[in-house]
Each structure stands twice: as C-alpha cells, then as structure tokens.
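Heads up, the thing below is written out as structure tokens.
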RNA sequence: GGAGGGAUGACCGAGUGGCCGAAGGUGCUCGCCUGCUAAGCGAGUAGGGGGUGUUAAACCUCCUCGAGGGUUCAAAUCCCUCUCCCUCCGCCA
C-alpha cells in the first residue's frame, strides 16, 4: 500500500473518497523520513552486532575494551531507535486512516451520486398497511415489551414470522451451498484485533457495541469472523477461490440515525443475516464481485422483489471497499427504493491486515489475496419488503420458494 | 475458578547466554541410479520489511524460534505481561 506511494493514479483514487490531500501529503512525508531513518538505524545496528560478535572471539585481554566499544555503539543505537519508533508509530496511525482507493469504475460524489446500473421489476403502489402496521396486525412484530427491556430499535419477531425467518435462512444457505459456499456459524463476540483486521476499526468503531468487562465487541456482521478464517495463512492457489456463507445475529448501534426509519423493523440494533465471503486470486476479484452480485440478484429475483442495482459513489464507500454494489428494493409504502443488500470488493485491504496470501508460482513472490463480501439475506429487512409486497386483502402470502421451509402458504390477520 | 505442562521452519523434533535463522528426521523439488514399482545416492528447500538494480536475476541489510516488553556488549535460551493449547481438580451442563 505504501509501495504505491509513487503512483499518482492511486492518490487520486484515494482522494475521491473525500480524504484530505494534507493527510496523504503528511503520510508521504513521514514515509520518506521513516525509510531514511530506518536505513540509518539498520546500519548502526549492523555495526553494533559486528562489535558484539567480536567480543565472543576475543581473548580476555581485549575483551573489556571490546565490550566497552560495543556498549557505546549500543547507546547510540538506542537513541536513534527512539526516534525511529516515534516516527513509525505516527506513520502507522495516519496510514491506518487512509482508505482503500476507489476503483476506476466507481462514480464520483456522495450518497446521492450512485450510478443506477439496472432496474428489474415493477413498482407497485403502497399497500393498505406499511410493513410495521401489517406486521403488528399479523402478530409478527412486537415492540412494546422489547422497548421496555432493551430500548428503542429493538423488537421481537413472533408466531409465523419466526418460521419465515428461519425459512429464509435455510433457503439462502441451501442456495449458497449449491454455489460452493462452506456454511459457517461463527462467534458474534470478537476481540478488538479481529475488528481491526477485518477493516472495521478504527473507522466504524462508533457503530459497534463493546462488552467492556471482557474487552470484546459484538460483530455488526459475520464478515468479521469469515475474514479471519485464513488469517496469517499462505494458501496454495488450488484452495482458491474459497467461499464461505456465515449466519449470525448482527449488532449495530446505528449512531447518527436518530429519527430515521423509526417505524417498524426496517432499522434495528439486532438482526440476523446470511453473509457471503470470498477469498480469491487478485486477478479474479472483479469477476468474483460480479458473481456475488449475480447470486444476490438471483436470490432477490426468486423472492419476487422488484429492485435496482446501484454502483455506490466513491464518497459513500466505506474505508475498506474499493467498489460496492447495493441492491435496493422497492418499498411501496415509501414509494422509493431502499437498500436490502450490498456487495463489496475489498481487494487486498483487509488481506494485508489479516496477512492472508496466496503462494506465487515458482519463483514468484506470495501475493495478498483479495477478499469480497456480500449480503445473501438480511433476514429482518427481507421480511420488511415481503410484508409489503405479499399483502393481499389482509392476508400475508408466503413467497413460493419459502413454502417448502415454512410448511404454510399464508397467514391471516387475526 | 485452582494447580501444573507446553508453543521452534510444510510436519516431527533437538537446542539452558555468543560458533543458532536454527542439529537431525520426514515431506517436497531437482539430478543420478534401477527394465516399471519399492529401495538407494547427491544437491536443494522458511517468511517478511528496507535498499542498490531498467523488469528479472543478483547483491547488501534488518526483522522474525506464539505476541509484546525487559535484562545483557550479546537472547530460541534469563525475567515480566498477554494469548492459545494440553493434563488434573473444582463448577456448570
């Protein structure tokens, strides 16, 4: 990453993510200074080592003098090392704030500047009830007690909704198994280290719940654990691509969203999600990105939901993503498209932090793998869309593909 | 929660202050030998950072023996902290 300091294109790609040029300048300057100092320190260390080595061969007459000499070099070395570690620490701190550069195919701009790639399906008018009202009427969504026990943005799913929830999970997992994904139920509490390596900290720290007493963090997505599956490993090329599907509850503080989506369960602190994660050869990551997207489109298509695909603009990308597609589904009660899934190519951003590499061909250096992730099924939110699109005269019709898993075809308001 | 034991290269395993980036073995690669197979013989075989170099080769240098810190002229080896694994006891299932 720092090796790409000389490529002006990279710099531009980073600046498109709304990073101040001053930060980049400072990092580059620090880097220059760091390397110079490192050279100097290494030379001193080499001399010191040589002096120290001379001691072992010397007989007792010379010994005292040689030790004194080595000792002196040691003093100088230590002084220089202090300077080096200071500059290293500062460099690291700043360098960690530099996001993954945006891909060339990513549009400029912010939240509203995403490029709509395609639109699939019709946009029906609002149903009689929005998903919250309908969910309550069906006895699917219970918030009163949940708010009392846990606070705003928490809810219980009840009755048939629970079976629909697990039907979605089961169905999605089976689809992914057919696509070659290895299913994983990972831990949802992780150490800080895991958050950093997966690329969430420091940037998204305020979105994460912390369990202070044990210094653990509740994951916002199973991606964190899936990423760590090959941490520190050098994979033989034959093991790639490696694809995993994770199921877990996800916890998000949703800081900074006060007043948004306060009705129903569109935006809650806790939800279940089936996630896809791929480790691939660097040359394969663009193709894999399209592949993950096509799986998402297939799943949403099978559920019969109308959607559009958006290529997210540079300023709206997270730190780790070089490129991201969101699939937004039409939410009839609001008369607009709302995000259901997203799918990112991190390239080697988190692979560097995780130290996950592929072995190079004979004589070639090992390379960092590329990692990608995408939502297969955000269960709660999928239910939201289904509650609006499958509302027929006060009756909820179970999407056809889920019926084998639920064992019932519809639910009537009681 | 209490008491011990451990973590070394792809793997097994030696190594209690300098000659250790690391014996030996297995595996793997290359070569030889053999009519195929097995056996045998010889050689090679860690990763990462920085630098010189037009790419590559090559070379220089530093770091890495679970992680981090300390002692020392010198640490795989001594001290401290942490993580993980194993055994025993307790506890809960």
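Numbering (the numbering used here), first residue to last: 61 to 474. Here a beta-carbon is modelled for each residue, glycine too, at the ideal position from N, C-alpha and C. The model shown is predicted, which means the values in this text are computed figures rather than measured ones.
Residue j beta carbon less than 7 angstroms from that of residue i
i	j	result
residue 378	residue 403	no
residue 283	residue 335	yes
residue 316	residue 410	no
residue 74	residue 161	yes
residue 294	residue 417	yes
residue 304	residue 285	no
residue 322	residue 192	no
residue 338	residue 246	no
residue 385	residue 363	no
residue 312	residue 280	yes
residue 348	residue 233	no
residue 298	residue 430	no
residue 369	residue 178	yes
residue 175	residue 371	yes
Residues that DSSP places opposite residue i in a beta bridge
i	result
residue 233	BP columns for residue 233 are empty, so no partner.
residue 456	451, 471
residue 427	418
residue 304	242, 337
residue 332	309
residue 270	277
residue 404	384, 433
residue 216	202
residue 175	371
Exposure label - residue i; buried when at least 16 CB within 10 Å
i	result
residue 146	exposed
residue 67	exposed
residue 331	buried
residue 237	exposed
residue 9	Only positions 61 to 474 of the chain appear in this structure, which leaves residue 9 out of reach.
residue 448	buried
residue 72	exposed
residue 406	buried
residue 77	buried
residue 383	buried
residue 413	buried
residue 393	buried
Rounded straight-line distance, which links the Cα of residue j to that of residue i
i	j	result
residue 289	residue 132	47 angstroms
residue 250	residue 367	34 angstroms
residue 446	residue 462	11 angstroms
residue 228	residue 340	27 angstroms
residue 350	residue 224	29 angstroms
residue 140	residue 81	30 angstroms
residue 493	residue 98	Because the chain spans 61 through 474 in this model, residue 493 falls outside it and cannot be assessed.
residue 109	residue 134	9 angstroms
residue 241	residue 302	8 angstroms
residue 470	residue 365	17 angstroms
residue 150	residue 356	41 angstroms
residue 271	residue 206	20 angstroms
residue 458	residue 164	42 angstroms
Touching by the beta-carbon criterion (3+ pairs, under 8 angstroms), the region 438-445 and the region 390-402 | yes
Would you call the region 184-192 and the region 449-466 touching, i.e. three or more CB-CB distances under 8 angstroms?
-> yes
Are the region 250-268 and the region 201-216 touching, with three or more C-beta to C-beta distances below 8 angstroms?
-> no
Counting pairs of Cβ atoms below 8 angstroms between the region 167-181 and the region 373-388, do you hit three or more?
-> yes
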